[in-house]
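This report refers to the structure that appears directly beneath it.
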Amino acid sequence: MIKIYFKNTCATCRTAYGLIRDNTDEEIRKVEYMTERPSAAEIRGLLKMLGIDAESLVRKKEKLYKEKFKDRKLTNKQWIDTLARHPELIERPIVVMGKKAIIGRPAATVVDFVRPGKTTGTR
């Protein structure tokens, strides 16, 4: 099964979902993370699969980030707690397959992730 952390209003999320659907027969589970808010523990698990720290998962173009967090120095734990409280700050889409995950930006990167060895020519 492939899981995609998804925001319905995000064009990149919709494109990534379509690319996954068109390039695999695996079951796909959409997690609308604005309503199915990930817990701090779930975010920690995603970070481990992504191989990044919490601040690297923050959408720094978001208004909330610019207004409340831009000039703050937070610990990894504080960022995780912040992401759990404010999921709009989570970079998207996140695609999980097995014990690995990627951030699907640009969206075309998901094809190589779900079908290793298939090239998209859009990188």
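Convert by adding 2 to the 1-based position in the sequence shown; the result is the number in this note's numbering.
Just so you know, even glycine gets a beta-carbon here, dropped at the ideal spot from N, CA and C.
Computed from a predicted structure; not experimentally measured.
| query | result |
| --- | --- |
| Can you list, in chain order, the residues of its chain whose CB lies under 7 angstroms from that of Arg23, leaving out five sequence neighbours each side? | Ile30 |
| Does DSSP put Tyr7 in a helix, in a strand, or in coil? | strand |
| Between which two residues does the alpha helix (DSSP H) containing Val113 stretch? | 111 to 116 |
| Alpha helix (DSSP H) containing Glu44: first to last residue? | 42 to 52 |
| Where Lys56 and Arg107 are concerned, what is the direct C-alpha to C-alpha distance, given to the nearest angstrom? | Correcting the residue identity first, residue 56 is Ala in this sequence and not Lys. Each residue's alpha carbon lies about 17 angstroms from the other. |
| Suppose the cutoff is 7 angstroms on Cβ atoms and the five residues either side in sequence are ignored; what does the same chain contact list for Lys75 look like? | none |
| Tell me whether the beta-carbon of Arg16 lies closer than 8 angstroms to the beta-carbon of Pro89. | no |
| Strictly under 8 angstroms for the Cβ-Cβ distance: is Arg94 near chain C by that measure? | Included in the structure is just one protein chain, with no chain C present. |
| Is the separation between the beta-carbon of Ala18 and that of Pro118 shorter than 8 angstroms? | no |
| In terms of DSSP beta bridges, what is Arg31 paired with? | Lys5 |
| Secondary structure at Lys101, three-state DSSP: helix, strand or coil? | coil |
| In or out: Ala109 buried (at least 16 other Cβ within 10 Å) or exposed? | buried |
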